[in-house]
Amino acid sequence: AEHIQDSIPNYKTINGLYSFFDGDKCLYLGKGRPIWKRIKCHYDAAQGHDKARRWCDFFSQYRHCVTVYWLEFDPLSDDRDNDQLRSVLEYLLQRKYQPLFDNTGYIG
Numbered sequence: 500a501e502h503i504q505d506s507i508p509n510y511k512t513i514n515g516l517y518s519f520f521d522g523d524k525c526l527y528l529g530k531g532r533p534i535w536k537r538i539k540c541h542y543d544a545a546q547g548h549d550k551a552r553r554w555c556d557f558f559s560q561y562r563h564c565v566t567v568y569w570l571e572f573d574p575l576s577d578d579r580d581n582d583q584l585r586s587v588l589e590y591l592l593q594r595k596y597q598p599l600f601d602n603t604g605y606i607g
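Residues 500 to 607 in my numbering are what the sequence shown lists, from first letter to last.
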């Protein structure tokens with residue numbers, strides 16, 4: 500978790516989209532306000548610290564290094580516009596990369 504924190508400048512204030520990849524396989528795509536908080540939740544789930552069994556079961560399979568990508572949105576612009584844009588981009592990215600785990604509970 501510290502490595503992620505050190506890798507994201509201004510980690511407590513960055514909002515936007517993020518993804519986890521294992522090689523060329525997309526594991527998960529999501530959005531966060533802030534991103535760091537959501538990434539930490541997934542990291543904790545991989546360590547077995549999540550009460551949601553499906554999250555814990557899925558992410559615990561990926562305790563090795565995975566690549567985390569993120570796309571920052573300007574926190575000073577209109578939050579509602581940012582939320583709508585993040586939702587549209589998240590949908591398009593999910594269609595393109597077909598993550599193995601998605602928000603509907605499907606684990607591919």
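Here a beta-carbon is modelled for each residue, glycine too, at the ideal position from N, C-alpha and C.
Inset, instruction - Return the CA-CA distance between residue 521 and residue 557, expressed in angstroms with no decimal places. - result: Taking the straight line joining both Cα atoms gives about 13 Å.
Legend entry - Spatial distance of residue 505 from residue 570 (CA atoms): 16 Å
Inset, instruction - Starting from the C-beta of residue 598, find all residues in its chain whose C-beta is less than 7 Å away, skip the five residues before and the five after it, and write them out in chain order. - result: 525, 526, 527 and 528
Inset, instruction - Mark residue 518 as exposed unless 16 or more other C-beta atoms lie within 10 angstroms of its C-beta, in which case mark it buried. - result: buried
Legend entry - Neighbourhood of residue 566 by C-beta distance below 7 Å, restricted to the same chain and skipping five residues each side: 520
Legend entry - For residue 608: DSSP bridge partner residues: In the structure displayed, the chain extends from 500 to 607; residue 608 sits before or after that span and is not available.
Inset, instruction - Select from 532, 530, 531 and 555 the residue whose C-alpha is nearest the C-alpha of residue 542. - result: 555
Legend entry - Start-to-end residues for the beta strand (DSSP E) that takes in residue 525: 524-531
Inset, instruction - Determine which residues share a DSSP beta bridge with residue 587 and list them. - result: Residue 587 pairs with nothing; no bridge assigned.
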